[in-house]
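As numbered in numbering that gives the first Met the number 0, the sequence shown has no gaps in its residue numbers, which increase by one up to the final residue, 138. Built from N, CA and C at the ideal position, the CB exists for glycine as well. Structure, as structure tokens:
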Amino acid sequence: MSSAMSSATHTVLVFSQDPDVRDQVRTAVGPRPASDLGRVRYVEAATGEEVVAAVDAGGIDLAILDGEAQPTGGMAVARTIRQECAYQPLLCVLIRRRDDRWLATWSQVDGTLMYPIDPVTAAGSVAALLRQATGSPSR
Numbered sequence: 000m001s002s003a004m005s006s007a008t009h010t011v012l013v014f015s016q017d018p019d020v021r022d023q024v025r026t027a028v029g030p031r032p033a034s035d036l037g038r039v040r041y042v043e044a045a046t047g048e049e050v051v052a053a054v055d056a057g058g059i060d061l062a063i064l065d066g067e068a069q070p071t072g073g074m075a076v077a078r079t080i081r082q083e084c085a086y087q088p089l090l091c092v093l094i095r096r097r098d099d100r101w102l103a104t105w106s107q108v109d110g111t112l113m114y115p116i117d118p119v120t121a122a123g124s125v126a127a128l129l130r131q132a133t134g135s136p137s138r
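Okay, here's the thing in structure tokens:
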């Protein structure tokens, strides 16, 4: 492992209209989801428009989108990003039901996290996605 890989900072956007959900995601994933990855810098968005603007500005490695957000859910925001944004970060959507994974696939996301947010699962999933973003091998 190179020291450049372990010291890299990854920018993760967390979207939900609910600040408690954003806090739960940040807490579950933590400042460094795996020892072979660098630190995570969080950017927050409370509306779909804020998400699209942040993605358009570039520099987002991964966006974690609340599928339960109102009035526009994370799956609709993901679909908008895939169809309208030139910059394409990895996308992960929070879902309540396993059966909603087909909707996540339709939304063209790269991963899903389940409610309630489990810190072990969340950190592992985010680490795998960030490795994908950097081209690092999976562990």
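- Given a length threshold of 3 residues, each whole run of the beta strand (DSSP E) inside the region 46-109 is given here in chain order: 61-65, 89-94.
- With a 10 Å radius around the Cβ and a threshold of 16 neighbouring Cβ atoms, G57 comes out exposed.
- If you look at L128, you'll find it isn't in any beta strand (DSSP E); it sits in the alpha helix (DSSP H) that goes 118-133.
- Taking C-beta atoms as the reference points, V50 and V76 count as a pair closer than 8 Å.
- Sixteen is the threshold: when 16 or more other Cβ atoms of the shown chains lie within 10 Å of the Cβ of R130, as they do, the residue is buried.
- Leaving aside the five residues that flank V42 on each side, the residues in its chain whose CB is nearer than 8 Å to its CB run, in chain order, T10, V11, L12, V13, A53, I59.
- Within the same chain, I94, T111 come within 8 Å of R100 by CB-CB distance, once the 5 residues on both sides are set aside.
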